[in-house]
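Residue numbers (the UniProt record's numbering), protein chains in the order written: chain W, 1 to 287; chain Z, 1 to 408.
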């Protein structure tokens, strides 16, 4: 269902972006407009962009580390903490501005993090025969992210120019790291005896795959000196799964750990510094 | 700069911009609509039980039309012999339901799936009479065949013949003989014979210990067919644990003698004529021979086969050898390491090691059986220790695409 939805959404997104991108260009075709004036509304910007992000892992399909014989698998469901761990991103920002619209390509190296926990319990004949383990997992994904956004400045003059943006992204998995911490509670002596079951850090890139989705947000351009400072608040939602089908079953299952089918949602705050490109005319100045 | 030139520049700019936007958006568009295919059909399953007093000793696995059946011994703290339990697994490796056979103990492998009636056949033992029981189970784990094999006690190993019957190795504690029998799928006795373990000797205690400590020091009982009418079994014969070749006549046609239970063979797979793939042991040492000639028509000693110790393999390891085809034929030896990993060694037909794979980098694993799946995959059943203490069954399916990556 998600895949079908994503197809329609991505197709609509594609058409929307093409329409938005080509619209201003069509307007440019009007011969009665002063070409130099039109040119002044057109500018390339290039700079650096960085920020922090918080991720939510949305489990579309639940998977369990164990296949239980005598109890319900629902008791093995993982509990996710939403937007709990900070990640970071840094990269380039390339904007092409024209008549209030900007096409913005923002390739970045991004680290997204999320965490979850699960609880397992075994019991014996007597009440003291009881043992629990709690698994706390931090999942870190290193991504090469390729977002393409369309921005619209709803104030086109002055030094403070707020904008809205919408677009899509494609994320390439560069690496993935899973840290599993285990806590054990043994009731054999009558009183709960807590101990660490150790922690394991594993590279799990093969359990993940490239994914894509849509994104939107708001921001403001601050034009002071010969530099533009871009402040953005964005939201991303993946339309394809970040976890690889069938790859969730591996040796981590022996620790009771396996990936659900995960779709990532992401809140980010970014700060960019971009510079205007001067081209065609040496006399042209952005400000 | 003239106005015409600026017009020209802007027109070029527009054209280039369209190309840039479309070329950037196109991969995004494609990526949204084109899902990446699944890596493989492999799975890695562990079947947990909330009862911390129970542990499992899986015997074998078969692939049915709609999934898998695992035959397992089940140990409870308050029982001596392993109970008999079957798990129905779906084709993705998920547990569906189980069948516990309370009346019987010590299930014996191998389990044989008869495609003609879709039943899975195996032997177990009546704990009261000690008689062998033939059980045939359909894919829904309903008992279709339940026959007591009169006069045959202490079932030790079984296999299937080329004619579709079952071979059963057993022990007769009264006549002190190892028996090899061909049994029909209806439980009828077709043929067989029994051979003395050595006058005055008694191995019943060893066999009881084998039943009771199956996961610690199992004895490598096995049997099979060399060619129609010619069989072999590995068991007690003439004061030693030996590989015995027989055509069901009163005397064996050939014997590869072990040294009591301290040295002998753990598994063999006939290759061609008298050539075999052999896994053997010499006290705590283990060895694997991808191809060697055994004396099927005389008496020889397993000690003469010993080429040196494979130090990685643990003493008393369960071992199985099967043929696996991945473009060409390989002899696959599966055993346990001292580090509690499952070790897969692929040998080419020239005897060279073609590939190795290990299972168990995070948790200790034990090995019970290996089968080739219908899709040229490998099915490996064993156990792992959940939370470091609860022994639970694991079923690992390795797709052929992954196996080929292990082989040079």
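Just so you know, even glycine gets a beta-carbon here, dropped at the ideal spot from N, CA and C.
Here the structure is a predicted model, which means the values were calculated and not measured.
Status (buried if at least 16 other CB within 10 Å, exposed otherwise) for residue i
{"i": "residue 83 of chain W", "result": "exposed"}
{"i": "residue 97 of chain Z", "result": "exposed"}
{"i": "residue 37 of chain Z", "result": "Legend: pLDDT at residue 37 of chain Z = 40, less than 50; position of this residue unreliable, value from coordinates given subsequently. With fewer than 16 Cβ atoms within 10 Å of its Cβ, residue 37 of chain Z is classed as exposed."}
{"i": "residue 270 of chain W", "result": "buried"}
{"i": "residue 257 of chain W", "result": "buried"}
{"i": "residue 288 of chain W", "result": "The structure shown does not extend to residue 288 of chain W, since chain W spans only 1 to 287, so no value can be given for it."}
{"i": "residue 154 of chain W", "result": "exposed"}
{"i": "residue 102 of chain W", "result": "buried"}
{"i": "residue 200 of chain Z", "result": "exposed"}
{"i": "residue 275 of chain Z", "result": "exposed"}
{"i": "residue 31 of chain W", "result": "Here residue 31 of chain W scores only 47 on pLDDT, less than 50, and its place in the model should not be relied on; the value that follows carries that caveat. Classification for residue 31 of chain W: exposed."}
{"i": "residue 90 of chain W", "result": "exposed"}
{"i": "residue 93 of chain Z", "result": "buried"}
{"i": "residue 216 of chain Z", "result": "exposed"}
{"i": "residue 128 of chain Z", "result": "exposed"}
{"i": "residue 391 of chain Z", "result": "buried"}
{"i": "residue 133 of chain Z", "result": "buried"}
{"i": "residue 109 of chain Z", "result": "buried"}
{"i": "residue 298 of chain Z", "result": "exposed"}
{"i": "residue 415 of chain Z", "result": "The question about residue 415 of chain Z has no answer here: the residues shown for chain Z are numbered 1 through 408."}
{"i": "residue 260 of chain W", "result": "buried"}
{"i": "residue 277 of chain W", "result": "exposed"}
{"i": "residue 338 of chain Z", "result": "exposed"}
{"i": "residue 17 of chain Z", "result": "Here the model assigns residue 17 of chain Z a pLDDT of 48, short of 50, so the residue's position is not dependable and the matter cannot be decided."}
{"i": "residue 62 of chain W", "result": "exposed"}
Terminal residues of the beta strand (DSSP E) in which residue i lies
{"i": "residue 102 of chain Z", "result": "95-114"}
{"i": "residue 281 of chain Z", "result": "275-282"}
{"i": "residue 165 of chain Z", "result": "Taken as a continuous stretch (DSSP letters only), residue 165 of chain Z belongs to no beta strand (DSSP E), as it is neither H nor E."}
{"i": "residue 138 of chain W", "result": "130-153"}
{"i": "residue 264 of chain W", "result": "261-276"}
{"i": "residue 48 of chain Z", "result": "43-48"}
{"i": "residue 341 of chain W", "result": "In the structure as shown, chain W begins at 1 and stops at 287. Residue 341 of chain W is therefore absent and cannot be evaluated."}
{"i": "residue 81 of chain W", "result": "79-81"}
{"i": "residue 90 of chain Z", "result": "83-90"}
{"i": "residue 122 of chain W", "result": "108-123"}
{"i": "residue 193 of chain Z", "result": "189-196"}
Residue i: contacting residues in chain W (beta-carbon distance under 8 Å)
{"i": "residue 193 of chain Z", "result": "Those do not exist, as residue 193 of chain Z stays about 41 Å from chain W at its closest Cβ, beyond 8 Å."}
{"i": "residue 374 of chain Z", "result": "Residues of chain W passing the Cβ test: none, with the nearest at roughly 18 Å."}
{"i": "residue 285 of chain Z", "result": "Neighbours of residue 285 of chain Z on chain W: none; closest Cβ ~29 Å, over 8 Å."}
Chain W contact residues for residue i, given Cβ-Cβ distances below 7 Å
{"i": "residue 384 of chain Z", "result": "254"}
{"i": "residue 251 of chain Z", "result": "Correct list: empty, because the minimum Cβ distance to chain W is about 48 Å."}
Partner residues on chain W for residue i, Cβ-Cβ distance less than 9 Å
{"i": "residue 354 of chain Z", "result": "Those within 9 Å of residue 354 of chain Z in chain W number zero; the least Cβ separation is about 23 Å."}
{"i": "residue 390 of chain Z", "result": "122, 131"}
{"i": "residue 263 of chain Z", "result": "Those within 9 Å of residue 263 of chain Z in chain W number zero; the least Cβ separation is about 34 Å."}
Residue i, enclosing alpha helix (DSSP H) - first and last residue
{"i": "residue 209 of chain Z", "result": "204-212"}
{"i": "residue 403 of chain Z", "result": "400-406"}
Where residue i meets chain Z, residues with beta-carbon distance less than 8 Å
{"i": "residue 243 of chain W", "result": "Neighbours of residue 243 of chain W on chain Z: none; closest Cβ ~11 Å, over 8 Å."}
{"i": "residue 200 of chain W", "result": "362"}
{"i": "residue 177 of chain W", "result": "Within chain Z, no residue comes near residue 177 of chain W; the closest Cβ sits about 15 Å away, beyond 8 Å."}
Proximal chain Z residues relative to residue i, where beta-carbon distance stays under 7 Å
{"i": "residue 56 of chain W", "result": "Simply none; closest approach about 20 Å."}
Contacts of residue i in chain Z (Cβ-Cβ under 9 Å)
{"i": "residue 184 of chain W", "result": "387, 388"}
Task: the segment 117-129 of chain W: positions lying closer than 8 Å to chain Z by Cβ - done: Contact annotation: in the segment 117-129 of chain W, residues whose CB is within less than 8 Å of a CB in chain Z are 120, 121, 122, 123, 124, 125, 129.
Open item on the list: Check whether the segment 238-248 of chain Z and the segment 257-273 of chain Z touch, using three or more Cβ-Cβ pairs below 8 Å as the test.
Closed with: Counting C-beta pairs with one atom in each stretch, the segment 238-248 of chain Z and the segment 257-273 of chain Z have three or more that are closer than 8 Å, which means they touch.
Open item on the list: Under 8 Å, CB to CB, which of the residues in the segment 93-120 of chain Z have a partner in chain W?
Closed with: The residues in question are 93, 94, 95, 98.
Open item on the list: Short of 9 Å Cβ to Cβ, which residues in the segment 40-53 of chain Z face chain W?
Closed with: The segment 40-53 of chain Z vs chain W, Cβ under 9 Å: 40, 41, 42, 43, 44, 45, 46, 47, 48, 49, 50, 51, 52, 53.
TODO: Report the residues of the segment 123-153 of chain Z with a CB closer than 9 Å to any CB of chain W, ordered along the chain.
DONE: Residues of the segment 123-153 of chain Z with a C-beta atom less than 9 Å from some C-beta of chain W do not occur.
TODO: Determine, using beta-carbon pairs with one atom in the segment 170-183 of chain W and one in the segment 198-208 of chain W, whether at least three such pairs fall under 8 Å.
DONE: The segment 170-183 of chain W and the segment 198-208 of chain W touch, with no fewer than 3 CB-CB distances between them shorter than 8 Å.
TODO: Would you list, in chain order, the members of the segment 63-75 of chain W that have their beta-carbon closer than 8 Å to a beta-carbon of chain Z?
DONE: Of all residues in the segment 63-75 of chain W, the ones placed with a Cβ closer than 8 Å to any Cβ belonging to chain Z are 65, 66, 67, 68, 69, 70, 71, in chain order.
TODO: Evaluate contact between the segment 138-154 of chain W and the segment 63-71 of chain Z, counting only Cβ atoms and requiring at least three cross-stretch pairs below 8 Å.
DONE: Remark: fewer than three beta-carbon pairs, one from each stretch, lie closer than 8 Å, so the segment 138-154 of chain W and the segment 63-71 of chain Z are not flagged as touching.
Open item on the list: What are the residues in the segment 83-115 of chain W lying within 9 Å of chain Z by C-beta distance?
Closed with: Result list: 96, 98, 103, 105.
Open item on the list: Three or more C-beta pairs under 8 Å: does that hold for the segment 186-203 of chain Z against the segment 262-273 of chain Z?
Closed with: The count of Cβ pairs closer than 8 Å, one atom from the segment 186-203 of chain Z and one from the segment 262-273 of chain Z, stays below three, leaving the stretches out of contact.
- [ ] Report yes or no: do the segment 374-386 of chain Z and the segment 47-58 of chain Z share at least 3 C-beta pairs separated by less than 8 Å?
- [x] Touching, yes.
Task: Given 8 Å, three or more beta-carbon pairs between the segment 220-229 of chain W and the segment 154-166 of chain W - done: As far as the Cβ criterion goes, the segment 220-229 of chain W touches the segment 154-166 of chain W, which means the pair count is three or higher.
Task: Meets three-Cβ-pair contact criterion under 8 Å: the segment 317-333 of chain Z and the segment 279-286 of chain Z - done: The segment 317-333 of chain Z vs the segment 279-286 of chain Z: in contact.
Open item on the list: Closer than 8 Å is the cut-off here; do at least three beta carbon pairs connect the segment 135-145 of chain Z with the segment 157-164 of chain Z?
Closed with: Short answer: they don't touch.
Open item on the list: With three or more C-beta pairs closer than 8 Å as the rule, is the segment 72-80 of chain W touching the segment 92-107 of chain W?
Closed with: Contact between the segment 92-107 of chain W and the segment 72-80 of chain W is absent: fewer than three C-beta pairs spanning the two stretches fall below 8 Å.
TODO: Answer yes if the segment 45-57 of chain W comes into contact with the segment 370-381 of chain Z, meaning at least three C-beta pairs across the two stretches below 8 Å, and no otherwise.
DONE: Touching, no.
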